[in-house]
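Letter by letter, the sequence shown follows residues 23 to 202 in our numbering.
Heads up, the beta-carbon is just placed ideally off N, CA and C, and yes, glycines get one too.
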Amino acid sequence: FCPKEIGGRFNCSNNELKSLVGIQKVIQGGFDCSINLLDSLKGCPEEINGEFYVYENKLTSLKYFPKSVKSGIILNDNKLTSIKGLPKKVNGNLSLMINELKNLEYCPEIIYGIFNCSNNKLTSLKGFPKDIKSHIDISNNYLTELDRDIQKNVSGSFDCSNNQLISLKGSPEEIEMNFH
């Protein structure tokens, strides 16, 4: 059982939920279902008019991902091997850290905030976003080279530390803040 209508945020985090079936289809604010036992997004709202937090669960895919999320998306600490299902544009931060990703295929093209995909198993940056409006963190992966398609100007910090890079060729040309 779940409320039929909520005028703001919906927070069901830090429980032992195994399913989202029965939750309303439209959330007027943000939706936080973090720190649960979810292995699927089945039943997830179709429209979230705020941020979407679904970190520290057991997701392996983004099947049933909302059709619309108006703000940031935090998917940290799941078991994702693919990000198929993410929107083409994220109006805020996108954090995918601590998953099982080997590449960034299906990644949004534009991120209007921080992009963090550290602590994965990336060996390729295939699918890297075309435009990120803030910090970029691809640290703690298995990258041996940086993709020449990484944007040339970063309006924040760029972190590619703790990889297996054999050169820094492909790094951004201008970084507003720090290079790690």
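- Spanning the alpha carbons of P88 and M119 requires a straight line of approximately 20 Å.
- Within the DSSP bridge table, the entry for F53 names F32, F74 as partners.
- Comparing alpha-carbon positions, the option among F74, D54, S93 lying closest to K111 turns out to be S93.
- Its chain contains G44, I45 as the residues whose beta carbon lies nearer than 6 Å to that of C24, once the 5 sequence neighbours on both sides are disregarded; these appear in chain order.
- Under DSSP, K111 forms a beta bridge with I132.
- DSSP places F150 outside both helix and strand once states are collapsed to three, so it counts as coil.
- By the neighbour-count definition (other C-beta atoms within 10 Å, threshold 16), Y75 is a buried residue.
- The three-state reading of DSSP puts E68 in coil, since its state is none of H, G, I, E or B.
- Its Cα nearest to that of E198, the residue K174 stands out among S189, K174, K191, L144.
- Rounded to whole angstroms, the separation of the alpha carbons of I133 and N184 is 24 Å.
- In the three-state reduction of the DSSP assignment, L59 falls in the coil class, being assigned neither a helical nor a strand state.
- Taking L147 as the centre and dropping the five residues before and after it, the same chain places the C-beta of N125, L126, I160, L165, L168, D169, D171, I172 closer than 8 Å to its C-beta, in chain order.
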